[in-house]
Every structure is written in C-alpha cells, then in structure tokens.
Amino acid sequence: MRQGSAPNFCPPTEEGITLTFQDEKGELVELEFLGLILHEGRRYGFFFPVTEDTPACSSGEIIPLEVTELDEDGQPAAFELVEDEAIAREVYEDFREAAKDLYDFE
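Residues in the sequence shown are numbered from 1 upward in steps of one, following this note's numbering.
Next up, the structure:
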C-alpha cells in the first residue's frame, strides 16, 4: 500500500487507478486518481487526465476536484471542479507537500 508524507493525505491504494467523469460539455474524460487531501474540513481529490498520448502513470497537468458527496461507506461519490483559484492553489500546495515522496513535481 502506498503512503504519503502528511496526515491529511490519502494516497491511492495502487498506482494507475482511473475514473471516468462527464465534463461540462457532456463528454466522458478519464482521469487517474492521485490522492485525496483534507483541507479546512473539506476533501479534495487530485487527478491526472489520461489520454492515448498520456496514459496513466505519466506526468502533466494535475486537476483538483472538490468532493461534494460521499457514499454510504464515507467514500467520495461526486466531485466538482475547484473554481476558486486561491483555494485551488492552497490545496495544490498541500498536495505537493503531502505527495512529494510519491510524485515528481518539477
């Protein structure tokens, strides 16, 4: 099992886990789950867009999504794009610090 370097970070149970989301245009997008951060009482998931040219376990742009709903087991069931740029920067910095032993941030 993978481990992060901060108590507010929940890494994926294994590398390369992908989820399919519907974007605002109704198109399906595949995103690799990189981990979850707890920040000021809210949960934020971090994802990497997966395409034919950038498969899971690649590197590139990271997308923060806020958890908006939990299932009956307390697991994230719905996400929304983080619209507030200041919050997005804060949680991304938290993620970078917490995941520095798992991912290379250049």
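Each residue gets a CB set at the ideal place from its N, CA and C atoms; glycine is no exception.
Being a predicted model, the structure only gives us computed values, none of them experimental.
Which residues DSSP lists as bridging residue i, in chain order
| i | result |
| --- | --- |
| glycine 35 | Phe46 |
| glutamine 75 | In the DSSP output, where bridge partners are listed per residue, glutamine 75 has none listed. |
| leucine 102 | Bridge partners of leucine 102: none, in fact. |
| isoleucine 63 | Phe47 |
Span separating the alpha-carbon of residue i from that of residue j
| i | j | result |
| --- | --- | --- |
| leucine 102 | arginine 89 | 19 Å |
| glutamine 22 | phenylalanine 48 | 15 Å |
| leucine 163 | aspartate 53 | Outside the displayed span of the chain (1 to 106) sits residue 163, for which this structure offers no information. |
| arginine 2 | cysteine 57 | With a pLDDT of 48 at arginine 2, under the threshold of 50, the predicted position of this residue should be treated as unreliable, though the coordinate-derived value follows. If you take the alpha carbons of arginine 2 and cysteine 57, they lie about 14 Å apart. |
| lysine 25 | asparagine 8 | 32 Å |
| threonine 20 | glutamate 93 | 25 Å |
| alanine 98 | histidine 39 | 12 Å |
Whole-number beta carbon distance between residue j and residue i, since they are thought to touch under 8 Å
| i | j | result |
| --- | --- | --- |
| valine 50 | glutamate 66 | At roughly 20 Å, the Cβ-Cβ gap does not stay under 8 Å, so valine 50 and glutamate 66 are not in contact. |
| glutamate 69 | alanine 78 | 4 Å |
| isoleucine 37 | phenylalanine 95 | 5 Å |
| threonine 13 | leucine 31 | The pair is not a contact, with the Cβ atoms about 16 Å apart (cut-off 8 Å). |
Host beta strand (DSSP E) of residue i (start-end)
| i | result |
| --- | --- |
| phenylalanine 21 | 18 to 22 |
| glutamate 40 | Careful: glutamate 40 lies outside any beta strand (DSSP E) and carries neither H nor E. |
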